[in-house]
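S.K.:
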Amino acid sequence: MDPLFIPVILGTVRQGRMSEAVANFILEQVKQQAEVTTELIDIRTLPLPLTDAGTNAQIPELADICRRADAYIIVTPEYNHTYPGLLKHMLDLNYREYLHKAVGVCGVSAGPFGGVRAIEALLPTFKAFGLAPIVTDLNFGNVNSLVDESGQLTPEAQSTYGRRFERFIEELCWLAKTLRHGRMQQEG
């Protein structure tokens, strides 16, 4: 079986975003997984159309990545009890590309709850796209204390979240493989 392709989506464009340190950490953790390939989708670098044309405004390179993906990891901050609007806009550019694929979420917040409200707000969107969220989330609460002066997670945070990541990626890979098998049976 081909390796799973699991892109990491960094879902904010804000300057000084602490989510970037989390996304880079997650990307490096995914790269260490046997039989998994990945790449970072940073919405800050996408040529997001400002029209409300939905899938008619698809970005071909992004659509190709989403078509090839077996699962997704979304790193999202919590802004005012929800996720960023540009993350929603980016997600809305594709539709069929998400159907019957797994998704795991890493929530990030300056407060103690690690983006749980942003993750909860994403669940109806996942359902609309036919994405299957895993049960385990990674919550990076009090993120300002997790990131050092160089913009990386501190060694202590890397150790703590590295252990949590193991359960997260195991569940995501299991669901991604199961759904890939189902998609192959449906196509075949």
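Residue numbering for the sequence shown follows this note's numbering, beginning at 78 and increasing consecutively.
Virtual Cβ for every residue (Gly too), placed ideally from N, Cα, C.
Because the structure is a prediction, the values reported are computed rather than measured.
For a quick check, are the C-beta atoms of Ile151 and Gly207 less than 8 Å apart?
M.R.: For this step, residue 151 is matched to residue 74 along the sequence shown. For this step, residue 207 is matched to residue 130 along the sequence shown. No.
S.K.: Along the chain, where does the beta strand (DSSP E) that runs through Tyr149 open and close?
M.R.: On the sequence shown, residue 149 is found 72 positions in, with the first residue counted as 1. The continuous beta strand (DSSP E) containing Tyr149 extends over residues 148–154.
S.K.: So which of Leu199, Glu138, Asp169 has the shortest CA-CA distance to Thr122?
M.R.: On the sequence shown, position 45 is the one that residue 122 refers to. Selected option, being the one with the closest Cα: Glu138.
S.K.: May I ask you to report which of helix, strand or coil DSSP gives Ala111?
M.R.: On the sequence shown, position 34 is the one that residue 111 refers to. Residue state, collapsed to three classes: coil.
S.K.: From the DSSP output, in three-state form, read off Phe245 for me.
M.R.: Along the sequence shown, read from residue 1 onward, the residue named residue 245 stands at position 168. Three-state DSSP puts Phe245 in a helix.
S.K.: Just to confirm the assignment, what range does the alpha helix (DSSP H) spanning Asp141 have?
M.R.: Translated into positions along the sequence shown, residue 141 becomes position 64. From DSSP, the alpha helix (DSSP H) with Asp141 extends over 137–145.
S.K.: Per DSSP, what kind of secondary structure is Val72 in: helix, strand or coil?
M.R.: Residue coverage of the chain in this structure runs from 78 to 265, which leaves residue 72 outside it and unanswerable.
S.K.: Three or more C-beta pairs under 8 Å: does that hold for the stretch 95–115 against the stretch 166–175?
M.R.: no
S.K.: Could you tell me the boundaries of the alpha helix (DSSP H) in which Leu164 lies?
M.R.: In the sequence shown, residue 164 corresponds to position 87, counting from 1. Note, Leu164: alpha helix (DSSP H), 162–168.
S.K.: According to DSSP, is Gly259 part of a helix, a strand, or is it coil?
M.R.: Counting from one through the sequence shown, the residue named residue 259 turns up at place 182. Looking at Gly259 - three-state DSSP - the assignment turns out to be helix.
S.K.: Should Leu127 be labelled buried (16 or more other beta-carbon atoms within 10 Å of its own) or exposed?
M.R.: Here residue 127 refers to the residue found at position 50 when the sequence shown is read from its first residue. Exposed: under 16 other Cβ atoms inside 10 Å.
S.K.: Hey, could you find the ends of the beta strand (DSSP E) Val85 is sitting in?
M.R.: Sequence index remark: in the sequence shown, residue 85 carries index 8 (1-based). Here the beta strand (DSSP E) through Val85 covers 85–87.
S.K.: Could you tell me the alpha carbon to alpha carbon distance between Leu249 and Glu226, rounded to whole angstroms?
M.R.: For the purposes of this step, residue 249 is identified with residue 172 of the sequence shown, where counting begins at 1. For the purposes of this step, residue 226 is identified with residue 149 of the sequence shown, where counting begins at 1. Leu249 and Glu226: Cα-Cα distance of roughly 31 Å.
S.K.: Classify Ala209 as helix, strand or coil using the three-state DSSP reduction.
M.R.: Here residue 209 refers to the residue found at position 132 of the sequence shown. In this structure, Ala209 counts as strand in the three-state DSSP scheme.
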